[in-house]
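A.B. asks: The structure is given below, and queries will be raised subsequently.
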Amino acid sequence: MSRLVVNPDKPDAWEIQLKPGANCLGRGDVNDFVIGDSSVSSSHCQIVVNDGSATIQDLGSTNGTFINGTRIQDANLENGQTLHLGGVAMIFYSAAPPPPAPRLRVSGIANAPAPVAPVLAGDPPPIDSTLDLPAAPSRCKFHPKSPARWFCSQCNRSFCDLCVTSRNLGDAVKKMCRTCAVECAPLDVQITRAAEKGFFASLPGAIIYPFRGTGILVLIFGTLVFVGLGIISAGIFGILMKIAAIGYLFSYMQNIIHATAAEEKEMPELPGMDDLFGGFCRLAGTVLISFSLAIGLLVARYFDVDVPMSAIIITGLLGALYFPMAFLAVAMKDNVMAANPLVVVPSILRVPLQYLVTVIVFVSIFGIQQLGNLVAAGAKTVTFTTTDMSVLFIAIGFRMIWSLVSIYLLTVNMRIMGLLYATQKEKLGW
């Protein structure tokens, strides 16, 4: 039977036994297999198993379906391929067709099945726990990254806990080989775990992260989006285009956070165009919730209510302190309601030092971007007023370079946000 191993190489790994025909996967309860992760869409994808082959089709998911790091719409599945549904990793294993039963000619009857030896009552013969297994592979046959814990002396294969089946025989629970149906011998596992990098140790890697994988191409495309935002004209069409561009930018940022949360080392591919308005609404809602106090005081001041400017500044600073965690929560849960104080404030208090560093970096990069944007705005004015071609080319060149720097800084910022979640998710409890 074809199967998926979800969250491989993690303590919470579990298995999906795919049935023949269509198998729908997603976060919603109507699916054949429910994957309760915020990065997975309600109806994410469909896997069709037919005669030993399998195909997968994305059902318009927000965060995409990936095979070995490449985003797909529909594709054939092959044994051992790594899938990602949003930020959830899994490995696909195809079902090997059972060997044909041997045929005999009995009493003139052709193709009669071979007689099967009767199974005697009672427990199978015990496994000698003193087996000398120096040649037993230290890694699982089907999960090369997982240590082997069981050895089958009949097929000479080693397996992890996921690849053996448990059978209750009397008061004992036996671990059986799925292929040979014989009891497996336990292996003495000695695991030396590599020290996992903490948040602070991972920060320097965020600087070179945008250049990994297809990062250069992503940065170039992001630069074009930034430049496009700057030249879009006013009017209804211009407003709709800006909303779409901002929504796409949010999906881009969310993709980086999800890839980092999934412990991927390289830049993800660009997101699809299927949720531009939703992305804009999630970002706008996060901003409104985070800066609601400051916005309310500004509105009151506009209507001549006596509101001290110091109160507006203080609430604005509180909003700036609140916003990064609210943004991270919305990006991970894919729901603007995750920005509410009942989620955000306890999360900040659980990781105060790491979050303080994240806020400092976040605000610093945002400040650098705003200063550069002011200069770029001046360069934009020059391009429309100057008659000197050399000045025109310098102004356009500066705008292009600054757009590239802006998308680079944004990518670094989102990588740091993702590292905060990836290294502190147990404390955050999301």
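If you count the sequence shown from 1, you need to add 1238 to reach our numbering. Think of the CB as a built atom: it goes at the ideal place given N, C-alpha and C, for glycine as much as any other residue. Every value quoted in this text rests on a predicted model; they were computed, and no experiment measured them.
Using the C-alpha atoms, what's the distance from GLU1502 back to GLY1667?
C.D. replies: The count along the sequence shown starts at 1 and reaches residue 1667 at position 429. The count along the sequence shown starts at 1 and reaches residue 1502 at position 264. GLY1667 and GLU1502: Cα-Cα distance of roughly 21 Å.
A.B. asks: Check for me: the alpha helix (DSSP H) holding PHE1561 runs from which residue to which?
C.D. replies: As a working note, residue 1561 is residue 323 in the sequence shown. 1547–1571 is the span of the alpha helix (DSSP H), which, as asked, contains PHE1561.
A.B. asks: Considering Cα atoms alone, identify which of ILE1329, GLN1284, GLY1298 and ASN1288 is closest to ILE1305.
C.D. replies: Against the sequence shown, residue 1305 aligns to sequence position 67. Checked all of ILE1329, GLN1284, GLY1298 and ASN1288; the closest Cα to ILE1305 is ILE1329.
A.B. asks: Kindly indicate which residue of PHE1518, ALA1500, ASN1261 and VAL1568 has the alpha-carbon position closest to the one of GLY1190.
C.D. replies: Not covered by the structure: residue 1190. The range shown for the chain is 1239 to 1668.
A.B. asks: Measure from the alpha carbon of LEU1323 to the alpha carbon of each residue in TYR1331, GLU1316 and ILE1310, then state which is nearest.
C.D. replies: Counting from 1 along the sequence shown, the entry for residue 1323 is found at position 85. For the residues TYR1331, GLU1316 and ILE1310, the minimum Cα distance to LEU1323 belongs to ILE1310.
A.B. asks: Quick check on the DSSP output: the beta strand (DSSP E) that includes GLN1284 runs from which residue to which?
C.D. replies: Here residue 1284 refers to the residue found at position 46 when the sequence shown is read from its first residue. Where GLN1284 is concerned, the enclosing beta strand (DSSP E) stretches over 1283–1288.
A.B. asks: Pick helix, strand or coil for PRO1448, following the three-state DSSP scheme.
C.D. replies: Taking the sequence shown and counting its residues from 1, one reaches residue 1448 at position 210. PRO1448 falls in the helix class under three-state DSSP.
A.B. asks: Leaving out five residues before and five after ASN1269 in sequence, what residues of the same chain have Cβ atoms less than 7 Å from its Cβ?
C.D. replies: Counting from one through the sequence shown, the residue named residue 1269 turns up at place 31. The residues are CYS1262, LEU1263 and SER1281.
A.B. asks: In or out: ASN1349 buried (at least 16 other Cβ within 10 Å) or exposed?
C.D. replies: The residue given as residue 1349 occupies position 111 in the sequence shown. Only weak support is given to the placement of ASN1349: the predicted model assigns it a pLDDT of 47, under 50, and the question is left unresolved by the model.
A.B. asks: Using the beta-carbon count (16 or more within 10 Å), is MET1511 buried or exposed?
C.D. replies: What you label residue 1511 is simply residue 273 of the sequence shown in a count that begins at 1. Label assigned to MET1511: exposed.
A.B. asks: With 16 other CB atoms within 10 Å as the buried threshold, where does VAL1613 fall?
C.D. replies: Translated into the one-based positions of the sequence shown, residue 1613 becomes position 375. Exposed.
A.B. asks: Could you tell me whether the Cβ atoms of SER1585 and TYR1560 are closer together than 8 Å?
C.D. replies: Position 347 of the sequence shown, counted from the start, is the residue given in the question as residue 1585. Position 322 of the sequence shown, counted from the start, is the residue given in the question as residue 1560. No. Outside cutoff.
A.B. asks: At what residues does the beta strand (DSSP E) containing MET1491 begin and finish?
C.D. replies: Taking the sequence shown and counting its residues from 1, one reaches residue 1491 at position 253. Not the beta strand (DSSP E): MET1491 falls in the alpha helix (DSSP H), residues 1474–1499.
A.B. asks: Given ASP1312, which residues of its chain have a CB within under 8 Å of its CB, disregarding the five upstream and five downstream residues?
C.D. replies: Taking the sequence shown and counting its residues from 1, the one referred to as residue 1312 is at position 74. Hits under 8 Å: THR1293, ILE1294, GLN1295 and ASP1296.
A.B. asks: Mark LYS1248 as exposed unless 16 or more other C-beta atoms lie within 10 angstroms of its C-beta, in which case mark it buried.
C.D. replies: The residue you call residue 1248 lines up with position 10 of the sequence shown. LYS1248 comes out exposed.
A.B. asks: Alpha carbon to alpha carbon, how far is ILE1285 from ASP1267? Give it in angstroms, no decimals.
C.D. replies: Position 29 of the sequence shown, counted from the start, is the residue given in the question as residue 1267. Position 47 of the sequence shown, counted from the start, is the residue given in the question as residue 1285. Going by the C-alpha atoms only, they are around 17 Å apart.
A.B. asks: For LEU1358, which residues of its own chain have a beta-carbon under 6 Å away from its beta-carbon, when the five flanking residues on both sides are left out?
C.D. replies: The residue you call residue 1358 lines up with position 120 of the sequence shown. Its pLDDT being 41, under 50, LEU1358 is placed unreliably in this model, and the coordinates cannot settle the point.
A.B. asks: According to DSSP, is LYS1696 part of a helix, a strand, or is it coil?
C.D. replies: The chain is shown only over 1239 to 1668; residue 1696 falls outside these bounds and no answer can be derived.
A.B. asks: Could you tell me which of ALA1423, PHE1636 and LEU1242 sits nearest to GLN1319, measuring between CA atoms?
C.D. replies: By 1-based counting over the sequence shown, the position of residue 1319 is 81. Checking every option, the nearest Cα to that of GLN1319 belongs to LEU1242.
A.B. asks: Could you check the C-alpha separation between LEU1256 and ILE1273 for me, to the nearest Å?
C.D. replies: Here residue 1256 corresponds to residue number 18 of the sequence shown, with the count starting at 1. Here residue 1273 corresponds to residue number 35 of the sequence shown, with the count starting at 1. Whole-angstrom Cα-Cα distance: 14 Å.
A.B. asks: Among VAL1629, SER1548, ARG1520 and VAL1601, which has the Cα closest to the Cα of ALA1532?
C.D. replies: Indexing the sequence shown from 1 puts residue 1532 at position 294. Checking every option, the nearest Cα to that of ALA1532 belongs to SER1548.
A.B. asks: Would you say TYR1447 and MET1505 are within 8 Å of each other, going by their C-beta atoms?
C.D. replies: By one-based count along the sequence shown, residue 1447 stands at place 209. By one-based count along the sequence shown, residue 1505 stands at place 267. Result yes, Cβ atoms of TYR1447 and MET1505 sit closer than 8 Å.
A.B. asks: Could you give the residue range of the beta strand (DSSP E) that holds LEU1587?
C.D. replies: Taking the sequence shown and counting its residues from 1, one reaches residue 1587 at position 349. From DSSP, LEU1587 is part of no beta strand (DSSP E) but of the alpha helix (DSSP H) over 1579–1588.
A.B. asks: Taking a contact to mean a Cβ-Cβ separation below 8 Å, would you say ALA1327 touches PRO1442 in this structure?
C.D. replies: Translated into the one-based positions of the sequence shown, residue 1327 becomes position 89. Translated into the one-based positions of the sequence shown, residue 1442 becomes position 204. The answer is no: Cβ separation not under 8 Å.
A.B. asks: Helix, strand or coil, according to DSSP, for VAL1244 in the structure here?
C.D. replies: One-based indexing of the sequence shown puts residue 1244 at position 6. Looking at VAL1244 - three-state DSSP - the assignment turns out to be strand.
A.B. asks: Report yes if the CB atom of ALA1660 is closer than 8 Å to the CB atom of ALA1499, and no otherwise.
C.D. replies: Here residue 1660 refers to the residue found at position 422 when the sequence shown is read from its first residue. Here residue 1499 refers to the residue found at position 261 when the sequence shown is read from its first residue. Yes, these two residues count as a Cβ contact at 8 Å.
A.B. asks: Indicate whether VAL1682 and THR1596 have their beta-carbon atoms separated by less than 8 Å.
C.D. replies: No statement about residue 1682 is possible, as the shown extent of the chain runs from 1239 to 1668 and does not include it.
A.B. asks: Count the other CB atoms within 10 Å of the CB of GLY1302; is the residue buried (16 or more) or exposed (fewer)?
C.D. replies: Residue mapping note: residue 1302 aligns to position 64 of the sequence shown, counting from 1. Buried, since its Cβ has 16 or more Cβ neighbours within 10 Å.
A.B. asks: Around the C-beta of CYS1415, are 16 or more other C-beta atoms found within 10 angstroms, so that it is buried, or is it exposed?
C.D. replies: For this step, residue 1415 is matched to residue 177 along the sequence shown. Counting Cβ neighbours within 10 Å, CYS1415 comes out buried, since at least 16 surround it.
A.B. asks: In chain order, what residues of the same chain have a beta carbon less than 6 Å from the beta carbon of PHE1565, not counting five sequence neighbours either side?
C.D. replies: Indexing the sequence shown from 1 puts residue 1565 at position 327. Correct list, in chain order: THR1524.
A.B. asks: For the putative contact between TRP1388 and CYS1422, defined by C-beta atoms under 8 Å, what is the C-beta separation to the nearest angstrom?
C.D. replies: In the sequence shown, residue 1388 corresponds to position 150, counting from 1. In the sequence shown, residue 1422 corresponds to position 184, counting from 1. Sure, about 4 Å apart at Cβ, within 8 Å.
A.B. asks: Closer than 7 Å: is that where the CB of GLN1608 sits relative to any heavy atom of the ligand NAD?
C.D. replies: This structure lacks the ligand NAD; in fact it carries no ligand of any kind.
A.B. asks: Is it right to say ALA1432 is buried, meaning 16 or more other beta carbons lie within 10 angstroms of its own, or is it exposed?
C.D. replies: Indexing the sequence shown from 1 puts residue 1432 at position 194. The pLDDT assigned to ALA1432 is 48, lower than 50, so where the model puts this residue is not dependable; a value taken from the coordinates is nonetheless given after this. Its Cβ having fewer than 16 others within 10 Å, ALA1432 is exposed.
A.B. asks: What's the C-alpha gap between PHE1488 and PHE1515?
C.D. replies: Position 250 of the sequence shown, counted from the start, is the residue given in the question as residue 1488. Position 277 of the sequence shown, counted from the start, is the residue given in the question as residue 1515. For PHE1488 and PHE1515, the distance between alpha carbons rounds to 10 Å.
A.B. asks: Classify GLY1290 as buried or exposed, calling it buried when 16 or more other Cβ atoms lie within 10 Å of its own Cβ.
C.D. replies: Locating residue 1290 in the sequence shown gives position 52, where the first residue counts as 1. With fewer than 16 other Cβ atoms within 10 Å, it is exposed.
A.B. asks: Excluding sequence positions up to five away, which residues of its chain have a Cβ less than 8 Å from the Cβ of GLY1259?
C.D. replies: If you number the sequence shown from 1, residue 1259 lands on position 21. Cβ within range, chain order: VAL1286, VAL1287 and ASN1288.
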